[in-house]
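Structure record follows, encoded as structure tokens.
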Amino acid sequence: MSARQLELFPLHTAEEALGQLVPVSLQATDTVSAALDPFTDYMRQREFTENTIKSFLNDLKLFIRFLGPSTPLDACTTQRLEEFVHYLRFGRRAPCSPKSLARRITTLKVFFRWLADKAVLPTDVAAPLVHPEAVSPLPQVLSDGQVDALLEVTRSMRDALEAPDARPHLLITLILDTGIKKSECMRIALRDIDLSEPDRPVVTIRYDKPRQRFKARRLALPAEWTTTLREYLKRYQPRERLFECTPRNLEYVLHAVSTLANLPFKLTFETLRWTSAVRSLKAGMEEERLRKRLGLSKVSWQWVSPILRKLAEEPL
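Numbering (our numbering), first residue to last: 26 to 341.
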């Protein structure tokens, strides 16, 4: 599996540099409440989604109610944060769901890292916090043997003497080698595919909305993909987009291939994406590079990375 990615230089600045644009006049003796407005400005500069901003602010308001409205920032010690997490897990009439608890811990980590980065507080008091083990099932991923079985099926379909079909192999290798999402897959235009070096094909994943442009990236594919692509184009003759069918149609393709490969579960885009990420991690790809390759924000990576590490562990 290819672990290469061509760097798109805005990725180095889309998250890091935007954080430098927000002047902060807070002091450690100011209340936590006083930090909400500048923190909101910071999140908007960093192009957090409105849903994320709303959720983070609600989490911090719950934190303020726990502390008391007059609590200063410098009274927020690691121990106090751990007491708040314990309260979320065991002290409320309706305990947090695992997903809500994970997000609220992430909120604290982002908030206090920002305060430390801006020198409002001398240290990041939330850094020692750890996300509790998720109790929900781990995502389904393919074993190496299952990947081999899938590719054997798709290659036989591509190379069949009668009615050869390159689409299943093109689709599955595209996702396994890049880890892109279903929505990203459906948006790929023919002009986004660079075959100027046939033995090093490149696909560009584009985002038009300014707040999502940090997800834009150029991903390299193995040389074999060029041959498969040309066979696919010859049969299907798309005009503008790589896949000019519906997402449901491609889901049927995955289901059919998984049946032929005798997989014990239904193959999905998400399974292929998780499998791609786990294989990359096992192959030694640096986590920051993998985060960018998957098009994930640093906030999302805080809950995705522990899951990937667990999936990549050797069996006990």
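C-beta atoms are modelled at their ideal positions from N, C-alpha and C, and glycine is treated no differently. Since this is a predicted model, take the numbers as computed values, not measurements.
task = Give the single residue among L195, F239, L254, K206 whose Cα lies nearest to the Cα of P223.
result = Relative to the Cα of P223, the nearest Cα in the group L195, F239, L254, K206 belongs to L254.
message = I need the DSSP call for I205, collapsed to helix, strand or coil.
response = coil
task = Give the range of the alpha helix (DSSP H) segment to which L319 is assigned.
result = Segment 312-319, the alpha helix (DSSP H) holding L319.
message = Taking the alpha carbon of K259 as the reference point, which residue from L98, A188, R243, K79 has its own alpha carbon closest?
response = Cα-wise, what sits closest to K259 is A188.
key: Reduced DSSP category for L244 - H, G, I as helix; E, B as strand; rest coil   = strand
inquiry  = I need the straight-line Cα distance from R318 to S301, nearest angstrom please.
reply    = So the two alpha carbons sit approximately 10 angstroms from each other.
ask   = Under the rule that 16 or more other beta-carbon atoms within 10 Å means buried, what is H111, buried or exposed?
value = Exposed.
query = Got a sec? Which residues, its chain only, sit under 8 angstroms from P97 by beta carbon, not counting five neighbours each side?
reply = A53, T54, D55, T56, V57
request  = Consult DSSP for P97 and reduce its assignment to one of helix, strand or coil.
outcome  = In the structure shown, P97 sits in a strand (DSSP, three-state: E or B).
request  = Starting from R266, follow its DSSP beta bridges and name the residues at the other end.
outcome  = A214
ask   = Which same chain residues, not among the five before or five after P272, have their C-beta less than 7 angstroms away from its C-beta?
value = K207, M211
request  = Consult DSSP for V228 and reduce its assignment to one of helix, strand or coil.
outcome  = Of the three classes helix, strand and coil, the one that applies to V228 here is strand, per DSSP.
inquiry  = Just to confirm my understanding: we take T179, look at its own chain, exclude 5 residues before and 5 after, and list those with CB closer than 7 angstroms. What are they?
reply    = P193, H194, I197, V282
task = State the DSSP-derived secondary structure class of D16, mapped to helix, strand or coil.
result = Outside the displayed span of the chain (26 to 341) sits residue 16, for which this structure offers no information.
Inter-residue spacing [alpha-carbon to alpha-carbon] between A28 and A308 = With a pLDDT of 39 at A28, under the threshold of 50, the predicted position of this residue should be treated as unreliable, though the coordinate-derived value follows. Roughly 8 angstroms separates the two Cα atoms.
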